[in-house]
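There are 2 protein chains.
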Amino acid sequence: MTKLKTPSPFWCLNNVNLFERLAPNQMDALHRRVKTIRYQRGETIFLPGDPSDFVYFLHHGRVKLSYLDESGKRFMLTICKQGELFGEMAMLGERQRRLIAEALEDVEVCIIASRDLTDFMAEHSDLALRISKTIGARVATLENRLEDMVFNSVPTRLARLLVRLGDEYGVPMEQGVWLDIRLTHRDLADLIGSTRETTTLTINQLAAQGLVGKLQGRLLLHDVNQLRHLAKLD
Amino acid sequence: MTKLKTPSPFWCLNNVNLFERLAPNQMDALHRRVKTIRYQRGETIFLPGDPSDFVYFLHHGRVKLSYLDESGKRFMLTICKQGELFGEMAMLGERQRRLIAEALEDVEVCIIASRDLTDFMAEHSDLALRISKTIGARVATLENRLEDMVFNSVPTRLARLLVRLGDEYGVPMEQGVWLDIRLTHRDLADLIGSTRETTTLTINQLAAQGLVGKLQGRLLLHDVNQLRHLAKLD
DNA sequence: AAAACCCTGTAAGCCCCCTTACAGCTTCTT
DNA sequence: AAGAAGCTGTAAGGGGGCTTACAGGGTTTT
Chain A
1 MTKLKTPSPF WCLNNVNLFE RLAPNQMDAL HRRVKTIRYQ RGETIFLPGD PSDFVYFLHH
61 GRVKLSYLDE SGKRFMLTIC KQGELFGEMA MLGERQRRLI AEALEDVEVC IIASRDLTDF
121 MAEHSDLALR ISKTIGARVA TLENRLEDMV FNSVPTRLAR LLVRLGDEYG VPMEQGVWLD
181 IRLTHRDLAD LIGSTRETTT LTINQLAAQG LVGKLQGRLL LHDVNQLRHL AKLD
Chain B
235 MTKLKTPSPF WCLNNVNLFE RLAPNQMDAL HRRVKTIRYQ RGETIFLPGD PSDFVYFLHH
295 GRVKLSYLDE SGKRFMLTIC KQGELFGEMA MLGERQRRLI AEALEDVEVC IIASRDLTDF
355 MAEHSDLALR ISKTIGARVA TLENRLEDMV FNSVPTRLAR LLVRLGDEYG VPMEQGVWLD
415 IRLTHRDLAD LIGSTRETTT LTINQLAAQG LVGKLQGRLL LHDVNQLRHL AKLD
């Protein structure tokens, strides 16, 4: 927990999309309420049942957000990236966490008591608008995932996931699109609501067709168009 | 489309939970922006792809909200009741409807342009807070449904649905709880993400165990505790 | 009153995908 | 450097639930 060098007094909020181009006095007011915490890869940030007291701003790193059922099965809702916020349900009346949040890499988060943030929002309606947009996006994600689970088979869900990951983490290369994120088959399975074994099988079927490959332990999408087609996205 | 007798100038908003105990001048301002429409049982209110221009307040009756996939399969998200709002995603940046809204009974809705409502919210922060709570509840519903689909089997999902319907529409009787809502097996199937045939079978298995029955074409829950148990809610 | 339509009941067949099992790897821990 | 732990690959087996098919009953339409 050493302290970082601070290029500006608001360094911990500067990387947060939600606070882009906020007036300095607003930033200052917000900054006084914020605390910074770091977690190592694999650490748990919060668990289902924990009190929903804080909202988290992800300053650096990636965080997995998943549902957990009593038998320990997971369903990963999303992976949060630098600049995004999570745990925002605390603002909407959630009392206990329903998700588990885990550091996929070493991360640094800023936390603010949801009370403080709602108070702050009441005085700064532009921020309120931004937050409601953020929550709208969250709803859209949930809707997508639900539709996906209800209507699509495992191969389709996997193809959709890969296309999505390509959009979010893809680095264009000559052999295709390289996914700059480290995910195990277990992670992929949790993301599509399937099992590790079935996911391995399905990935290898795609590989056999030359649609995907591997590079430095990460996935390489050789033929995004074909994947799009399998994903029923065109 | 004859006009109703209007007991108060705001009659069309009086039944809406969101507007309870709003100041008269607020009501008045809102009222000028609102239009009332009626639909008959079975009519479609909006379809996927329609522009998301309006927010709907359900003044009277019940409305089905479902996803539709290209093959025509449905997944019913929820049934809106008198006093609730729907189509609220229009306020959160949705451009086109993703849901289909259908009148389950004869209904009467008030609509307001989402633009007008957001403008109005900017000036009346208490309403903004209420709406964000409403949206929080919507998110919670979505999360529940998603978890349900991912983790639970058809019998469990059906039992959960019945318990939920009991809470929402149940009328206590000597033989159990009577569901005061008319739902076909097709509806139930759409609500749990299954098929009509499987749902019929599962219902009849519950009936064979004496857990449910029928009365006047509606379901009667004979043993809610047992259902709760099947639903893994205790 | 007849016809059309939808709802309910039942059942055979099949297939997707989960479960279980194991073995060789790679990556972290000590 | 060795051991532990987790990741990947593969395969047999089984089952939950979807598909398909059909028939009788109820309800709405004309």
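For the protein sequence lines, the chains are A and B, in the order given.
In terms of this note's numbering, the first sequence opens at residue 1 and continues consecutively.
In terms of this note's numbering, the second sequence opens at residue 235 and continues consecutively.
Note that beta-carbon positions come from the ideal geometry of N, C-alpha and C, so glycine has one too.
field: Identity of the residues DSSP links to Leu455/B by a beta bridge
entry: Numbered from its first residue, the second sequence carries residue 455/B at position 221. Val411/B, Val446/B, per the DSSP bridge assignment.
- request: Could you please give me the residues that DSSP links to Gly404/B through a beta bridge?
  value: Position 170 of the second sequence, counting from 1, holds the residue named residue 404/B. DSSP lists Leu413/B as the bridge partner or partners of Gly404/B.
message: Comparing C-alpha positions only, which one of Arg62/A, Ala140/A, Val55/A, Ile100/A sits nearest to Ala90/A?
response: To locate residue 90/A, count along the first sequence from 1; it is residue 90. Here the closest residue by C-alpha is Val55/A.
- prompt: If you measure from the beta carbon of Glu318/B to each beta carbon in chain A, is any gap under 8 Å?
  reply: Position 84 of the second sequence, counted from the start, is the residue given in the question as residue 318/B. Not one beta carbon of chain A lies nearer than 8 Å to the beta carbon of Glu318/B.
message: Quick check: what's the CA-CA separation for Thr6/A versus Asn14/A?
response: In the first sequence, counting from the first residue as 1, residue 6/A sits at position 6. In the first sequence, counting from the first residue as 1, residue 14/A sits at position 14. Confidence at Thr6/A is low in this model, with a pLDDT of 45, below 50, so the placement of that residue should be treated as unreliable; the coordinate-derived value is given next. Thr6/A and Asn14/A have their C-alpha atoms roughly 11 Å apart.
- prompt: According to DSSP, what are the bridge partners of His31/A?
  reply: The residue you call residue 31/A lines up with position 31 of the first sequence. Answer by DSSP bridge pairing: none, since His31/A is not bridged.
query: Of all the CB atoms in chain B, is at least one closer than 8 Å to the CB of Ser153/A?
result: As a first step, residue 153/A is located in the first sequence; it is residue number 153 there, counting from the start. Output row for Ser153/A: interface = no.
message: Quick check on the burial criterion: 16 or more other C-beta atoms within 10 angstroms. Buried or exposed for Leu238/B?
response: Here residue 238/B refers to the residue found at position 4 when the second sequence is read from its first residue. Note that Leu238/B scores 44 on pLDDT, short of 50, meaning its location in the model is unreliable; the coordinates nonetheless yield the value given after this. Counting Cβ neighbours within 10 Å, Leu238/B comes out exposed, since fewer than 16 surround it.
- request: On a CA-only basis, which of Leu215/A, Leu161/A, Gln175/A is nearest Thr202/A? Give me that one, please.
  value: Here residue 202/A refers to the residue found at position 202 of the first sequence. Nearest C-alpha to Thr202/A: Leu161/A.
task: Report yes or no: do the region 324-344 of chain B and the region 104-124 of chain A share at least 3 C-beta pairs separated by less than 8 Å?
output: The region 324-344 of chain B vs the region 104-124 of chain A: no contact.
- request: Grab the span of the beta strand (DSSP E) containing Met310/B for me, first residue to last.
  value: Mapped onto the second sequence, residue 310/B falls at position 76. Segment 308-314, the beta strand (DSSP E) holding Met310/B.
message: How far does the beta strand (DSSP E) with Val16/A in it extend, from its first residue to its last?
response: Taking the first sequence and counting its residues from 1, the one referred to as residue 16/A is at position 16. It is not in any beta strand (DSSP E) - Val16/A carries neither H nor E in the DSSP assignment.
Opening and closing residue of the alpha helix (DSSP H) in which Ala423/B lies: Numbered from 1 along the second sequence, position 189 holds the residue referred to as residue 423/B. For Ala423/B, the enclosing alpha helix (DSSP H) begins and ends at 419-426.
- prompt: Would you report the Cα separation of Leu129/A and Glu20/A, rounded to the nearest angstrom?
  reply: Here residue 129/A is taken as the residue at index 129 of the first sequence, counted from 1. Here residue 20/A is taken as the residue at index 20 of the first sequence, counted from 1. Looking at the two C-alpha atoms, the distance is approximately 13 Å.
- prompt: Is it true that the CB of Gly451/B sits closer than 8 Å to the CB of Arg416/B?
  reply: Along the second sequence, read from residue 1 onward, the residue named residue 416/B stands at position 182. Along the second sequence, read from residue 1 onward, the residue named residue 451/B stands at position 217. Taking 8 Å as the Cβ cut-off, Arg416/B and Gly451/B qualify as a contacting pair.
message: Against chain B, with Cβ distances strictly below 8 Å, would Ala159/A count as a contact?
response: Locating residue 159/A in the first sequence gives position 159, where the first residue counts as 1. It does not: the Cβ of Ala159/A has no partner Cβ on chain B nearer than 8 Å.
query: By Cβ distance below 7 Å, which residues in the same chain neighbour Thr236/B in space, the five residues on each side in sequence not counted?
result: Taking the second sequence and counting its residues from 1, the one referred to as residue 236/B is at position 2. Here the model assigns Thr236/B a pLDDT of 43, short of 50, so the residue's position is not dependable, and the following value carries that caveat. The beta carbon of Thr236/B sits closer than 7 Å to no other beta carbon from its chain once the five residues preceding and following it are set aside.
- request: Give me whichever residues DSSP pairs with Ile111/A in a beta bridge.
  value: The residue you call residue 111/A lines up with position 111 of the first sequence. Partner(s): Lys35/A, Tyr56/A.
Reduced DSSP category for Glu328/B - H, G, I as helix; E, B as strand; rest coil: To locate residue 328/B, count along the second sequence from 1; it is residue 94. Note: Glu328/B maps to coil in three-state DSSP.
Contact list for Lys367/B against chain A, beta-carbon separation under 8 Å: Looking up residue 367/B in the second sequence gives position 133. Result: Leu92, Gly93.
- prompt: Which residues in the same chain have their Cβ closer than 7 Å to the Cβ of Leu464/B, if we skip the five residues on either side of it in sequence?
  reply: Taking the second sequence and counting its residues from 1, the one referred to as residue 464/B is at position 230. Taken in chain order, the residues that qualify are Pro389, Thr390, Ala393.
query: So, does the CB of Leu18/A fall closer than 8 Å to a CB anywhere in chain B?
result: In the first sequence, counting from the first residue as 1, residue 18/A sits at position 18. Residue-level contact check: Leu18/A does not touch chain B, since none of the beta carbons of chain B fall below 8 Å from its beta carbon.
task: Would you please verify whether the beta carbon of Phe354/B is less than 8 Å from any beta carbon of chain A?
output: Here residue 354/B refers to the residue found at position 120 of the second sequence. No, because no Cβ of chain A sits closer than 8 Å to the Cβ of Phe354/B.
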